[in-house]
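There are 2 protein chains.
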Amino acid sequence: MRGMGKVEITFLPAGRAVPVEPGTAILKAAHAHGVEITATCGGRGRCTSCRVKFVAGPVPPPTIMDQLQLGDDLLREGYRLACQTPATEAITVQVAPPLDESAFQILGADRDLSYLGGVEMDAGVRKRCVRVAPPSEEHHQTSDLEELCRAAGGRAEEVPLEIVRDLPGILRAAKGEVTVASFGEALLAVEPGDTSAMAFGLAIDVGTTSVVTTLLELASGEQLASVSSLNPQAVFGGDLMSRIAFAQFNPPNLRKLQSRILGLLNEQIDEVLRRSGVLGKWVYKVVVVGNTSMHHVLLGIDPSYVGLAPYAPVLRHPVVLPARALRLKVNPGARVCLLPIVAGFVGADAVAVALATRIYESPTLKVAVDIGTNGEVLLGSRERLMACSAPAGPAFEGAQIRHGMRAAGGAIDKVWLDDGRLRYHVLGEGPPQGICGSGLLDAVACLLDSGVLDWLGLIQVEARDRLPAGLRDRVEWRGEERVVVLVPKAESGRGEELLLTQDDIRQVQLAKGAIASGIRMLQKIMAVPDAAIDELLLAGGFGNYLSIQSAIRIGLIPPLPPERVRYVGNAAALGAQLALVSEAERERAEAIAGRIEHVALATHPDFQDIFVEAMNFPQE
Amino acid sequence: MRGMGKVEITFLPAGRAVPVEPGTAILKAAHAHGVEITATCGGRGRCTSCRVKFVAGPVPPPTIMDQLQLGDDLLREGYRLACQTPATEAITVQVAPPLDESAFQILGADRDLSYLGGVEMDAGVRKRCVRVAPPSEEHHQTSDLEELCRAAGGRAEEVPLEIVRDLPGILRAAKGEVTVASFGEALLAVEPGDTSAMAFGLAIDVGTTSVVTTLLELASGEQLASVSSLNPQAVFGGDLMSRIAFAQFNPPNLRKLQSRILGLLNEQIDEVLRRSGVLGKWVYKVVVVGNTSMHHVLLGIDPSYVGLAPYAPVLRHPVVLPARALRLKVNPGARVCLLPIVAGFVGADAVAVALATRIYESPTLKVAVDIGTNGEVLLGSRERLMACSAPAGPAFEGAQIRHGMRAAGGAIDKVWLDDGRLRYHVLGEGPPQGICGSGLLDAVACLLDSGVLDWLGLIQVEARDRLPAGLRDRVEWRGEERVVVLVPKAESGRGEELLLTQDDIRQVQLAKGAIASGIRMLQKIMAVPDAAIDELLLAGGFGNYLSIQSAIRIGLIPPLPPERVRYVGNAAALGAQLALVSEAERERAEAIAGRIEHVALATHPDFQDIFVEAMNFPQE
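Just so you know, the protein sequences line up as chains L and U, in that order. Take 67 as the starting number for the first sequence in the numbering used here and just add one per residue. Take 67 as the starting number for the second sequence in the numbering used here and just add one per residue.
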């Protein structure tokens with residue numbers, strides 16, 4: 067024991083020892099001292115992400131939450147939830163490895179330019195090489211800036227001080243030849259010599275769970291590099307509400323969230339620039355989409371009331387600000403354009419989805435579903451467009467699932483039934499490490515088909531004798547918990563069997579229920595029966611990989627003929643790219659945001675009934 | 067000796083020991099390690115301000131500059147110029163106390179409101195209390211910012227992010243009652259509750275040598291507090307050219323200069339706020355005047371080319387920027403308005419002098435002389451107005467004079483002849499510590515009248531037998547130098563006699579020559595004989611205290627009848643105050659700046675002759 071009655075916690079594998087007041091929760095102590103422990107549920111005992119293993123010191127008795135989340139086996143092995151467990155004596159704990167591998171995922175840099183069909187290519191960025199004569203003895207009652215404006219146009223009053231500061235040297239560096247970059251009326255940069263050929267931009271999709279940054283050449287729309295990473299804010303809460311709660315009425319925590327996301331963006335920017343060989347100073351425009359909370363936090367705007375009824379955003383208009391205001395590592399004068407917002411839980415990402423899917427100009431009724439931790443549903447046509455939020459939570463991204471993981475190497479991404487047995491495919495073809503969202507959907511569909519699950523989602527342990535022979539011995543009690551053994555220990559790449567627990571099934575039901583009830587509510591309000599839906603568009607990183615058949619089987623989406631369901635990729639990111647390469651598209655985004663009618667589900671009298679029904683599985 | 071062949075310099079009185087490469091000049095070592103040594107000439111061996119006394123370690127042989135500046139006595143006592151003396155072994159040196167006492171001087175807070183006669187009182191700052199209804203369940207497809215704009219006017223796009231960040235809490239703090247402060251179209255601040263009665267402003271005059279900050283109530287124009295301090299940039303050079311040279315092509319040095327002046331302004335702001343009990347957040351407008359270099363450095367603009375022919379400013383227009391951009395400790399949204407610039411050496415201070423003296427609307431020809439380290443001369447009327455720079459240097463502020471000091475307690479401020487003897491008056495009535503500018507002028511006038519100086523400025527040591535008895539034994543050789551003993555050791559408050567040296571006389575000649583030649587040049591170019599000058603206005607802190615008779619006697623100003631010479635106080639600061647309380651006056655400043663014709667003295671063919679003549683004293 068050191069200090070004034072403090073106890074010391076040593077965190078492995080880093081070996082950091084931190085002194086804390088006795089009784090401090092281990093998670094709180096870790097975060098207070100900069101030790102990173104993921105807390106997907108925001109430290110509320112609702113998930114297992116903050117689990118630690120006691121290595122030295124007395125292991126405290128488990129709490130109710132420990133028991134519920136970790137189960138007897140992990141408890142016996144010395145695991146506890148860091149959020150629930152106070153440190154009362156000196157201890158050493160092993161931090162569980164984060165759910166993610168934390169490396170950048172390379173995405174979609176191979177996309178062709180067909181997405182630009184019909185798009186008016188004009189990013190709004192202009193570069194012009196002009197010659198400026200600095201003041202001379204004969205013509206001395208003037209200034210550098212006045213001579214620049216004389217040559218390049220524009221008003222001295224509107225040139226930012228940051229540009230003026232370095233102007234004298236720049237004007238004289240290349241004998242008065244300078245290149246002026248502008249965006250609309252705004253002067254972005256003055257550069258020595260002729261640099262007019264260099265003009266790039268970034269499209270950024272800030273999701274609750276994943277963040278995707280893509281570098282494009284502005285003139286051609288060509289994608290030069292794209293990276294995806296987990297949102298590092300997740301250590302402060304996996305879902306939006308946990309994260310808002312973290313920042314609520316707590317400016318230092320808000321700053322933590324903001325600096326985490328800005329830090330990640332700068333890492334991603336470094337990475338796409340490095341890969342493409344483009345210099346940051348040649349990036350003049352950045353388009354960002356994201357849900358309202360991500361948008362607000364990125365800008366450092368207090369999101370407290372976004373998390374409280376009536377969930378009002380602080381602002382909704384399309385914000386444009388210089389990159390220097392966010393310290394992004396591109397040209398400091400580059401314009402960062404955030405797409406507009408519709409409502410507290412229908413953000414710029416939903417607007418980007420509408421933009422990319424062209425639902426706003428469709429002559430027929432369409433549904434666009436952006437499946438994500440904080441998903442949205444759009445229903446409508448060129449006549450009318452409605453939207454609601456569909457907060458699926460992170461289950462489809464593999465979080466809050468016992469053996470869940472992202473769609474990375476080692477993940478089971480497909481599951482099917484073969485002669486009454488569960489078969490699966492593993493990304494990268496090695497032994498399975500866990501299951502990702504698309505595998506989870508398939509697995510649940512198979513379990514429904516084979517009678518392992520009833521329509522209420524209960525694992526039928528009591529009735530396992532009636533199951534196919536190949537599944538019978540996979541359905542068990544583990545302590546008080548019903549589980550399905552997805553992968554026996556011998557086949558597993560994890561050294562232990564991979565399970566689907568009853569709680570995992572509930573998480574899937576909550577997730578799919580959120581989306582399904584969103585679709586149903588909009589259908590109800592607009593009086594659109596399934597038959598009237600011309601097309602259902604599946605968007606989002608996860609939306610691209612799921613099986614349409616499984617999605618229909620579990621009731622995630624309405625039972626449409628499969629040919630009327632279409633994958634549209636990461637439509638939010640695509641919408642950002644359209645607004646990046648085309649100011650006409652960016653203006654259209656504003657018009658779309660003004661047209662979308664937001665439906666606040668929670669306050670609608672029919673919502674509870676519809677949601678409860680949507681949690682169940684379709685009875686075939 | 068410590069480190070890799072380094073030697074250690076210990077600076078007293080602080081006792082700081084710093085390791086340096088052998089051969090490093092003591093001044094350079096001091097500045098590199100944050101030890102403050104004043105270098106009025108910029109470290110060029112042209113003054114004595116950086117003198118140090120060797121206390122331990124070998125005293126190095128004096129350089130030529132040491133000999134010229136310090137004289138034999140000081141050399142024998144172990145004094146050397148820190149800028150000229152390299153450290154070759156471990157030494158301990160005593161830093162000479164700075165020329166200034168570094169305290170704030172209280173100024174002019176007792177001024178009445180008569181200066182506002184005829185001024186249209188409207189500072190442009192508006193505060194309005196409005197009621198904003200935050201979004202509700204019934205009216206939820208909106209945002210806090212939209213509701214603010216609905217109630218208070220203005221466009222969401224134009225509200226700065228810094229205001230949006232805190233908006234949610236502010237809107238809900240006083241049940242939707244907020245006060246909105248604006249300046250023109252710009253929203254400055256949103257405050258909870260009704261704060262509409264609180265609106266203050268600052269007028270700031272950044273001189274090369276002195277900085278004056280005055281707090282005013284915007285509605286009444288009442289002065290609440292005013293402070294004056296030495297410009298702390300002086301340690302990097304007393305005159306403008308030294309300071310520009312320090313920052314030239316050296317961004318870190320520019321940042322040093324900028325942070326010094328901004329640091330001082332924040333100290334002064336603290337002081338005037340403390341004295342008046344006003345909170346910084348109630349200050350919404352700041353008007354700054356200063357010469358071009360001070361203006362540029364304050365804004366962090368590269369002044370390199372202001373110091374090189376053709377001495378062009380980087381910008382000249384009236385800059386307006388939010389206080390947060392300079393981190394001034396007032397309301398972060400407050401507008402800092404810099405008055406416009408005419409030319410590289412005729413800055414916003416000259417424009418402010420024109421504004422305050424009303425010379426721009428005078429039906430008769432007037433001269434306005436702003437006497438300062440970097441003074442300016444204006445000549446003209448409502449018909450035509452010309453200006454030139456008149457860089458007197460800091461001699462009139464007591465710097466670069468052997469026993470010079472500012473006009474503070476202990477300074478000889480008046481000198482006169484009484485029966486062939488020198489008499490003097492001391493500020494604060496104690497024993498004399500040194501001589502300030504007005505005393506210096508009087509002294510030189512007396513020495514001319516009594517024949518101690520001839521018209522070329524030479525101290526008549528060889529002819530002292532022909533001088534009045536009371537002066538005869540005051541005129542001596544000291545080594546190679548001619549001196550006049552102004553105060554014998556017995557009367558001195560400094561423990562040593564106070565001298566006027568031949569070099570001091572030269573400094574006065576240079577200073578008065580700069581101003582006199584400026585006046586003469588403008589007279590010549592505009593063909594205005596002395597008789598046509600209706601009035602000569604003496605401005606500047608020093609201009610207020612000098613004897614008009616002495617100024618005419620030494621040829622600082624033309625030989626006008628004394629009733630046509632008038633003191634106008636610190637007209638630059640006054641001009642700033644006018645522009646602070648009246649937007650009409652601030653607009654007028656811009657019109658005036660556009661009208662003033664700048665005369666570049668250095669390139670005028672007659673300048674050399676006129677300057678040489680102006681260095682001499684009038685022959686009576």
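Don't be surprised by glycine CBs; every beta carbon is placed ideally from N, CA and C. Fair warning: this is a prediction, and the values are worked out from it, not measured in the lab.
Expected contact under 8 Å - CB spacing of residue i and residue j to nearest Å
| i | j | result |
| --- | --- | --- |
| A456 (chain U) | V443 (chain U) | 5 Å |
| L381 (chain U) | V230 (chain L) | 6 Å |
| A269 (chain U) | A642 (chain U) | 4 Å |
| P124 (chain U) | E87 (chain U) | Not confirmed; about 18 Å, so no contact. |
| P379 (chain L) | G410 (chain L) | 5 Å |
| T430 (chain U) | L603 (chain U) | Going by Cβ atoms, the distance from T430 (chain U) to L603 (chain U) rounds to 12 Å, so no, they are not a contact pair. |
| V272 (chain U) | I310 (chain U) | Not a contact, Cβ separation roughly 15 Å. |
| G635 (chain L) | A605 (chain L) | 7 Å |
| I620 (chain U) | K578 (chain U) | 6 Å |
C-alpha distance - residue i paired with residue j, whole-angstrom precision
| i | j | result |
| --- | --- | --- |
| G503 (chain U) | V185 (chain U) | 33 Å |
| A83 (chain L) | Q160 (chain L) | 12 Å |
| V402 (chain U) | A511 (chain U) | 43 Å |
| S276 (chain L) | I335 (chain U) | 47 Å |
| A395 (chain U) | P376 (chain L) | Note that residue 395 (chain U) is Lys in the sequence shown, not Ala. Straight-line Cα distance between these residues: approximately 37 Å. |
| V363 (chain U) | L320 (chain U) | 7 Å |
| G517 (chain U) | I581 (chain U) | 24 Å |
| T151 (chain L) | V101 (chain L) | 16 Å |
| L227 (chain L) | P369 (chain U) | 14 Å |
| L141 (chain U) | Q133 (chain U) | 7 Å |
Beta-carbon proximity list for residue i, same chain, < 8 Å, skipping 5 on both sides
| i | result |
| --- | --- |
| E143 (chain U) | K119 |
| D672 (chain L) | M587, K590 |
| L451 (chain L) | A420, I425, Y426, L444, L445, I658, R661, I662, E663 |
Cβ-based neighbour list, residue i, same chain, cut-off 6 Å, excluding 5 preceding and 5 following
| i | result |
| --- | --- |
| G399 (chain U) | L254, A255, P388 |
| L612 (chain U) | S504, L507 |
| Q22 (chain L) | Lying before the first or after the last residue shown, residue 22 (chain L) is absent from chain L, which here runs from 67 to 686. |
| N688 (chain U) | Look at the range of chain U in this structure, 67 to 686, and you will see that residue 688 (chain U) is not part of it. |
| Y145 (chain L) | R117, K119, L136 |
| A418 (chain U) | V355, L405, A638, G641, A642 |
| E649 (chain U) | D188, G190 |
Cβ-based neighbour list, residue i, same chain, cut-off 7 Å, excluding 5 preceding and 5 following
| i | result |
| --- | --- |
| G505 (chain U) | A477, I478, D479, K480, V481, Y490 |
| S248 (chain U) | R192, L254 |
| L644 (chain U) | V185, L421, A422, E651 |
C-beta atoms of residue i and residue j nearer than 8 Å
| i | j | result |
| --- | --- | --- |
| F315 (chain U) | A105 (chain U) | no |
| P258 (chain L) | V244 (chain L) | yes |
| I525 (chain U) | V550 (chain U) | yes |
| P624 (chain U) | D600 (chain U) | no |
| A285 (chain U) | G242 (chain U) | no |
| Q685 (chain L) | W543 (chain L) | no |
| E251 (chain L) | F266 (chain L) | no |
| G366 (chain U) | Q324 (chain U) | yes |
| G438 (chain U) | I425 (chain U) | no |
| G688 (chain U) | K351 (chain U) | Past the boundaries of the shown model lies residue 688 (chain U); chain U is included only from 67 to 686, so the question cannot be answered. |
| I20 (chain U) | S616 (chain U) | Here chain U has residues from 67 to 686 only, and residue 20 (chain U) is not among them. |
| A218 (chain L) | L211 (chain L) | no |
What are the uninterrupted segments assigned as beta strand (DSSP E) that are 3 or more residues long and contained completely in the segment 277 to 333 of chain U, given in chain order? 289 to 296
Entirely enclosed beta strand (DSSP E) segments - the segment 217 to 260 of chain U, minimum 3 residues: 243 to 249, 252 to 258
Unbroken stretches of the alpha helix (DSSP H), 4 residues or longer, contained in the segment 563 to 637 of chain U: 568 to 592, 614 to 619
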